[in-house]
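Novice: In my numbering, the protein residues as written are 43 to 652. All C-beta atoms in this analysis are idealised placements derived from N, C-alpha and C, irrespective of residue type, glycine included. Handing you a structure now.
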């Protein structure tokens, strides 16, 4: 109880005068007021500052700032880098969004309490707004429901919208994109040409050719089709062009040659060629020594006709290859050898002073034989061993009849690979057989063999070529959507401002308020005036309880709000819904809800005992 020395507003009601008199003179309080607890109404900017409503708001802003920092810092970084696992931007943004929305919801509830009671103190609250303001303060769902009923204020609407949009927009601002890896240069150990002495040695008559160990190793790898491993730097999924040893395919011809007629062959020992291939070393004034591939075949199912002879010249040259590289494993970018381009021939006819490469050694002038090194002859001999074949059909005599049979050359692989078929597999009539061209197959194999030789030679000599490459790798990186980020920030600011507006007028509150049912009951169901202090205004004073006189005692809050909203009173011939004010009732001197325009309720004064 305050001392009588404090300034106490003059009270107009008899019971308040008696209370103040009893406090000052130790007189006996009037009946009904002596035991009533009183406290001062203490408004003020600092005293009622909503610290516990604004702290969650500040923390929510901090969460938004963290989310923005995560988006900006993770932009351009790989997804498998530091921002991975529990530090993934999507995970962090989900955490920050959840925490920010939770904190903003706490601040929103605190602000709704301030808004509810400041509206009540200012006397601007309709009776039905008791329900709708409370509904809007229960959370997002309540605010949305109030929106549907068109009873919500602008602030809950903004808070509801911003809460729904903020999280998706912020999370949408961070996404994953596949970014091509930039190219550059790479050092690879590949010899751009080939030496004349790399393959092996031969005797004076060139009948015997012996392979060098490194050449034999290349042949073994070629026959087993092992992966081509290039020494030097590694590159994942790159494509590049490189200069290496190979063959320039020139002077290719295809023409009809020897005639055949199976009906005219009736003599024993007569033969007809069906399939034949060979590789020889040829000499040309323009190119020097080269490999000449010849392929003869029967290309139709006719029993009469002409054989087709194909000839191509493979000139040793420095070739520009198009390759792919995965790690240190190289593959041809195209299976078509025509995609390669010749840079220069290794046999320099136009430059007499340059040592001629890829030559066949001349016989010695004396009888003393010395092994001579060569590369073109080993290439020719391995080609003969792999690609040379011959298939003929002979007339032979078995018993009392003549039949067609093939020589043992049919057991060679190449004719079987390019056997195109016959009209009837049950027939032994060989005139029905025909074959496809092996030329492309032989050239592609020589292409691979030559490149393997160049790779092996480059690794032995540590010959590096610096070549530019194009990377076909794509790295998954985080990216930021600036429009989504800006929109998310704007939405967050709108939600912040909408919530902040709810706290406006906090300085008018004389104590801490809540939405507790006990506090509302104390404000609404206040005791009536003492009969001994009746002012005579009871006949015209509207009791709040009479508003619900026609409502069911079992009505829900929604039904009560709807019915009260339809109740009207006559005021200046206008139908208006009654408005309430939370203030001092003149009849009781207590804080309670009363009708605003009845003249019997007023705002409390600072320091007033209530």
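Check the C-beta distance from residue 555 over to residue 95 and give it rounded, since I have them as a contact under 8 Å.
Specialist: About 11 Å; that fails the 8 Å criterion.
Novice: Measuring CB to CB, does residue 389 end up less than 9 Å from residue 347?
Specialist: No, Cβ-Cβ distance for residue 389 and residue 347 is not below 9 Å.
Novice: Short of 6 Å in beta carbon distance, which residues of its chain neighbour residue 229, apart from the five on each side in sequence? Order them along the chain.
Specialist: The residues are 274, 275, 506, 508.
Novice: Should the segment 351 to 369 be called in touch with the segment 281 to 288, which here means at least 3 C-beta pairs below 8 Å?
Specialist: Touching, per the Cβ criterion.
Novice: Leaving out five residues before and five after residue 646 in sequence, what residues of the same chain have Cβ atoms less than 7 Å from its Cβ?
Specialist: Excluding positions up to five away in sequence, the list reads 83, 552, 625, 626, 633, 652.
Novice: Using only the alpha-carbon positions, how far apart do residue 576 and residue 93 sit?
Specialist: For residue 576, the predicted model reports a pLDDT of 44, less than 50, meaning its position is unreliable and no value from the coordinates is stated.
Novice: Let me know the secondary structure DSSP gives residue 449 once reduced to three states.
Specialist: Below a pLDDT of 50, predicted positions are generally treated as unreliable, and residue 449, at 49, falls in that range; no measurement from the model is reported.
Novice: When you compare only the Cα positions, how much space is there between residue 521 and residue 109?
Specialist: Approximately 14 Å between the Cα atoms of the pair.
Novice: Do you know how far the Cα of residue 338 is from the Cα of residue 345?
Specialist: About 16 Å.
Novice: With DSSP as the reference, please indicate the residues paired to residue 354 in a beta bridge.
Specialist: Answer is 335.
Novice: If you run the structure through DSSP and keep just helix, strand and coil, what is residue 215?
Specialist: DSSP places residue 215 in coil when its eight states are reduced to three.
Novice: Would you give the residue range spanned by the alpha helix (DSSP H) that residue 91 belongs to?
Specialist: It is not in any alpha helix (DSSP H) - residue 91 carries neither H nor E in the DSSP assignment.
Novice: Can you tell me the Cβ-Cβ gap for residue 516 and residue 223, rounded? I've got them flagged as a contact below 8 Å.
Specialist: With a Cβ gap of about 7 Å, residue 516 and residue 223 count as contacting.
Novice: Under three-state DSSP, which class holds residue 572?
Specialist: Bear in mind that a pLDDT of 48 at residue 572, under 50, signals an unreliable position, so the number given afterwards is only what the model happens to contain. Looking at residue 572 - three-state DSSP - the assignment turns out to be coil, as it is neither helix nor strand.
Novice: Could you say which of 562, 460, 89, 219 lies nearest to residue 342 if we only look at CA atoms?
Specialist: Residue 342 has its Cα closest to that of 460, out of 562, 460, 89, 219.
Novice: My output table needs one value for residue 167: the three-state DSSP class, helix, strand or coil.
Specialist: Three-state result, residue 167: strand.
Novice: In chain order, what are the residue ranges of uninterrupted alpha helix (DSSP H) at least 4 long that sit wholly in the segment 248 to 316?
Specialist: Those alpha helix (DSSP H) runs which fall completely within the segment 248 to 316 and span 4+ residues are 255 to 266.
Novice: Using the Cα positions of residue 266 and residue 494, report the straight-line distance between them to the nearest angstrom.
Specialist: Going from the Cα of residue 266 to the Cα of residue 494 covers about 13 Å.
Novice: Which one of 332, 154, 318 has the shortest CA to CA distance from residue 417?
Specialist: Checked all of 332, 154, 318; the closest Cα to residue 417 is 332.
Novice: Okay, do the segment 142 to 154 and the segment 114 to 126 touch, 3+ Cβ pairs below 8 Å being the bar?
Specialist: As far as the Cβ criterion goes, the segment 142 to 154 does not touch the segment 114 to 126, which means the pair count is below three.
Novice: Taking the alpha helix (DSSP H) that residue 383 falls in, what are its first and last residues?
Specialist: From DSSP, residue 383 is part of no alpha helix (DSSP H) but of the beta strand (DSSP E) over 383 to 387.
Novice: Report the option in 253, 104, 221, 91 whose CA atom is closest to the CA atom of residue 414.
Specialist: Residue 414 has its Cα closest to that of 253, out of 253, 104, 221, 91.
Novice: Between 118, 201, 424, which has its C-alpha nearest residue 262's C-alpha?
Specialist: When each option's Cα is compared against that of residue 262, the closest is 424.
Novice: In the DSSP output, which residue or residues are listed as bridge partners for residue 369?
Specialist: DSSP, once it has assigned bridges, lists 277 as partnering residue 369.
Novice: For residue 638 and residue 131, I'd like the C-alpha separation in whole angstroms.
Specialist: When rounded, the distance between both Cα atoms is 54 Å.
Novice: Please name the residue in 433, 401, 485, 549 whose C-alpha comes closest to that of residue 240.
Specialist: When each option's Cα is compared against that of residue 240, the closest is 401.
Novice: On the CB-based measure, 16 or more other CB atoms within 10 Å of its CB, does residue 463 come out buried or exposed?
Specialist: Residue 463 should be labelled exposed.
Novice: Give the range of the alpha helix (DSSP H) segment to which residue 512 is assigned.
Specialist: Note, residue 512: premise wrong, no alpha helix (DSSP H); beta strand (DSSP E) at 506 to 513.
Novice: Enumerate in chain order the residues of its own chain whose CB-to-CB distance from residue 293 is below 8 Å, with the five nearest sequence positions on each side excluded.
Specialist: Once the five neighbours on either side are set aside, the close Cβ partners of residue 293 are 353, 354, 355.
Novice: Between the alpha carbons of residue 477 and residue 317, how many angstroms are there, rounded?
Specialist: Cα to Cα, the separation comes out at about 7 Å.
Novice: Let me confirm a value: residue 381 is counted as buried when at least 16 other C-beta atoms fall within 10 Å, else exposed. Which label applies?
Specialist: Classification of residue 381: exposed, given that the 10 Å Cβ count is below 16.
Novice: Can you have a look at residue 238 and say buried or exposed, based on whether 16 or more other CB atoms are within 10 angstroms of its CB?
Specialist: Classification for residue 238: buried.
Novice: Do residue 479 and residue 456 have their CB atoms nearer than 9 Å?
Specialist: Cβ distance not < 9 Å, so residue 479 and residue 456 don't count as in contact.
Novice: The beta strand (DSSP E) spanning residue 415 covers which residue range?
Specialist: Element bounds for residue 415: 414 to 416.
Novice: Express the C-alpha separation of residue 305 and residue 248 in angstroms, rounding to a whole number.
Specialist: The straight-line gap from Cα to Cα measures roughly 42 Å.
Novice: Which residues in the same chain as residue 116 place their Cβ atom closer than 6 Å to its Cβ, once the five residues preceding and following it in sequence are excluded?
Specialist: The residues are 125, 131, 520.
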